[in-house]
Each structure stands twice: as C-alpha cells, then as structure tokens.
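What follows is a short report on a single structure.
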Amino acid sequence: MVERQKPGTILALMAHPDDAEFLCGGTLALLAAKGWAVHIAAATPGDAGAASLQPDEIAAIRRREGASAAGLVGGTFHCLERRDLRVFYDEDGVRRAHSLLRKVRPDLVITHSPADYLLDHEEISKVARTACFGAAVPNAPALDANLPPCGKIPCLYYADPIEGIDLFGQPVRPSFAIDISSVLNLKLDMLARHASQREWLRLHHGMDEYLESARRWSQQRGALIGAAAAEGFRQHLGHAYPRENLLLAALGEKARML
Ligand SMILES: [Zn+2]
387 MVERQKPGTI LALMAHPDDA EFLCGGTLAL LAAKGWAVHI AAATPGDAGA ASLQPDEIAA
447 IRRREGASAA GLVGGTFHCL ERRDLRVFYD EDGVRRAHSL LRKVRPDLVI THSPADYLLD
507 HEEISKVART ACFGAAVPNA PALDANLPPC GKIPCLYYAD PIEGIDLFGQ PVRPSFAIDI
567 SSVLNLKLDM LARHASQREW LRLHHGMDEY LESARRWSQQ RGALIGAAAA EGFRQHLGHA
627 YPRENLLLAA LGEKARML
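In the numbering used here, the protein residues as written are 387 to 644.
Here it is in structure tokens:
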C-alpha cells in the first residue's frame, strides 16, 4: 500500500508536558482530523511537578502521560530534557531545538507567548523562535549534526499566555482564533491523560478542577468569536519568517480574524 502524503506537519514546542494540550490541543486535534502529522514537544519532562515523588520518578510518569495524550490525535511526544524552572535560552537549548526541528521538519510551529506568567514559557518561546529561523540554516548548531537542515523556515505562531495576560496582568489579545467547539471534548480527554499534573495542581495551586479551568478558558476565547470554545494565536511576522497564514489556510472554516 502506498502511504498517502500528509497535508502538513505541526509541531507544538512548549515548556512542560500538558502546556500544548491546554493552549492549543483543540487546534492540534482539528489539524490531525485533516490528516496533518502532529508532534508535541515539551522542554522538560515536568520533573518538579509532584509533591511526594523524586524528580526522576515524576519525569518518567509525565513522559508516558505526554505520549499518551499525543497518541489520542495520532501524534508523537518529544522531550528536550531540560529541567523545570531551568529552561534557558542558551546554546544547549538551541542545539536541542534545532535537532528536533530537523527531525520533525514542521510546516507550522506553535510555541508560548513571548510574555507569559513563567520564565520557562518565555525562554522556550525564544528558543523556538531561533530554532525556526535556524531550521533552514545548514551551519546552525544542532545536537545531531547528521540531520539535514529543513528546506524552509516554518510558519511560527504564539499561543495565548496563561489566563490571556502578560506579566503585568495586561490582556494579550490574539490576532485570530480557531473555533474548537467540535473537538473540545477531545482536547479535555488529552488533558485528562496528564493525571499526575491534575493531581499536582490540586495540591500546589489549590486548583481542584484541572479540566474545568481548561474548559472555562476555551469558552472565554470562544466568546471572542461567537463560538462555544476557541483558542487564540498571534503569528510571528518579523523579517524572513513566512507571512502567509498557514494555520488560517489549513483551518479556514474554523478560523476568525480579530
Ligand atoms: Zn508550563
């Protein structure tokens, strides 16, 4: 049987396991339904996300949870193996991200908002920005130098910051939103695969409703475009990055400019 070519490849490169599901899981599910190859990468294995387990123990659990969540949309989970609260924009991080991009060869990358509540998020956002630029640069530093460079810079998008606000509490308005009403339950199923994080947030943040907060946030973004649920994005439009809106083109009937 001849394998049908995928219409595109999406990489969500975020800080921690479950960030991608929370911020863009619905969009990933919609792209997967259109036949796109889905890759979810976390900078860390979430090694600080437990009250009573050692870092290596919780990391092993969370790598499995990440793979399980990605598997719900036929996706692949990757981990850059940095550590929680120690995600830096540094040479090692850029090398790891370059290797990931050369391996995955995405058409479209989603990362964290450049301004967010946690520096791990902001730092991996910078790493993703550089890795997209360097993806097509033959001499860009990569951990695995045998992987050939990508043929192009992928379209880069920033997801909403957590709670839609920057570090000063100011609202960050997305430039467009994707209606995820039809896949909201699937997004919540993906999140539910992160069972340890659900429990950890309950203990650490006093949030007893991991899934409900994701549902409420999706509904809040949905209200911007008159949909039951949505996810917001901004595209990186700086020099040399592609300015075509590939995400909008792929999900045209679900997307609304704001
Ligand atoms: Zn995070």
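Using N, Cα and C, we set each Cβ at its ideal position, and we do this for glycine too.
Beta-carbon spacing of residue i, residue j below 8 Å
i      : j      : result
Cys536 : Leu494 : no
Ala636 : Gly394 : yes
Thr413 : Glu617 : yes
Ala401 : His484 : no
Ala436 : Ser582 : yes
His622 : Arg515 : yes
Arg349 : Ala521 : An answer regarding residue 349 cannot be provided, because it is not within the stretch 387 to 644 covered by the chain.
Thr396 : Leu417 : Checking the displayed sequence, the identity of residue 396 turns out to be Ile instead of Thr. Going by C-beta atoms, Ile396 is nearer than 8 Å to Leu417.
Gly411 : Leu577 : yes
Ala615 : Ile566 : yes
Pro492 : Glu451 : no
His580 : Tyr544 : no
Ile510 : Val473 : yes
Val480 : Pro431 : no
Leu572 : Ala415 : yes
Leu587 : Tyr596 : yes
Phe408 : Ala600 : yes
Ser604 : Leu634 : no
Tyr503 : Leu553 : yes
Leu439 : His464 : no
Arg620 : Ser561 : yes
Option nearest residue i by Cα separation, candidates the options
i      : options                        : result
Ala406 : Ala636, Val558, Pro547         : Pro547
Ala429 : Val459, Phe562, Arg482         : Arg482
Leu466 : Ala522, Asp433, Arg642         : Asp433
Ala419 : Leu610, Ile551, Leu458, Cys518 : Leu458
Gly612 : Met643, Phe619, Gly421         : Met643
Leu632 : Leu399, Trp422, Asp404, Leu409 : Trp422
Ile496 : Tyr503, Lys512, Leu505         : Lys512
Pro500 : Ala453, Pro534, Ile551         : Ile551
Gln606 : Arg559, Asp478, Glu630, Leu529 : Arg559
Ile444 : Glu585, Lys640, Cys518         : Glu585
Secondary structure of residue i, DSSP reduced to three states
i      : result
Leu577 : helix
Asp565 : strand
Val523 : coil
Arg559 : coil
His654 : Lying before the first or after the last residue shown, residue 654 is absent from the chain, which here runs from 387 to 644.
Ala418 : helix
Gln583 : helix
Phe554 : coil
Ile396 : strand
Leu542 : strand
Glu617 : strand
Closer than 7 Å: residue i CB and nearest ligand 2 heavy atom
i      : result
Ala401 : Ligands displayed in this structure: ligand 1; ligand 2 is not among them.
Checklist line | alpha helix (DSSP H) runs wholly inside the segment 430-496, at least 4 long, in chain order | finding: Counting only runs of 4 or more, we get 441-457, 477-490.
Note to self: Please give me, in chain order, every unbroken run of the alpha helix (DSSP H) with length at least 4 that falls completely inside the segment 587-615.
What the structure shows: Listed in chain order, they are 596-610.
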